[in-house]
Amino acid sequence: MTTESSAIPRRSSLVPGVRVVVRAAALTLLAGVAACAVAGLVHGPSAAGAAAVGAGLVALVVSFGTMSMHVVASAMPTASLLVALLTYVTQLAIVLLVFLAITRGDLFASTQERGWLAGSMVLATLVWTVSHLVLTARERVPYFDLPTGGEA
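Per the numbering used here, the sequence shown runs over residues 34 to 185.
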């Protein structure tokens, strides 16, 4: 009896990761469209623009970061944790710096517009996180290929 596995390690593919990212981004943008519609009805087109910028910023930054993470994980799985941590910190820094630049500038000067900007960013982040978790859990990607035939 041996403790070695006869299973052949499977090289991961980018296809499931791309599928999850595209679906999560679509759901995030859909939530952003809903936020824009509500902002436009409640406070006008300028607030809707702020909501669109907030949701679009989050969707763009998080999608790019997640795709880069999938590329690294498919090429070098051992570097996944390090790249994931660096990607997360970089995403936070980018979103925070852009948010600060927007709120300190004259683009969205009123408190209502800044509120919709921040609110849509929070909504987009929550929708992305939940949808990405659910879609990843539903994506059935085996960790290894089972050997063909019966047990030896």
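We put the CB at the ideal spot given by N, CA and C, even for glycine. Please read these numbers as outputs of a predicted model, since none were measured by experiment.
Taking Val54 as the centre and dropping the five residues before and after it, the same chain places the C-beta of Ser96, Thr99 and Met100 closer than 6 Å to its C-beta, in chain order. A direct Cα-Cα distance of roughly 16 Å separates Asp139 from Gly87.
Ser143 is classed as exposed because its beta carbon has fewer than 16 other beta carbons within 10 Å across all chains shown. Per DSSP, Glu172 is not a residue of any alpha helix (DSSP H), being assigned neither H nor E. Taking the CA atoms as reference points, Ala57 sits about 20 Å from Ala70. The alpha carbon of Gly89 has as its nearest neighbour, out of Val163, Leu166 and Leu156, the alpha carbon of Leu156. Apart from sequence neighbours up to five positions away, the residues of its chain that approach Ala112 with a beta-carbon distance below 7 Å are Val105, ordered along the chain. The C-alpha of Val128 lies about 7 Å from the C-alpha of Val94.
According to the DSSP assignment, Phe132 belongs to the alpha helix (DSSP H) that extends over Ser113 to Arg137. Leu130 sits exposed, since fewer than 16 C-beta atoms from the chains shown fall within 10 Å of its C-beta. Nearest neighbour of Met102 by Cα position, chosen from Gln145, Gln124, Ala83 and Val91, turns out to be Gln124. Looking from the CA of Pro78, the closest CA among Thr61, Arg171 and Glu146 belongs to Glu146.
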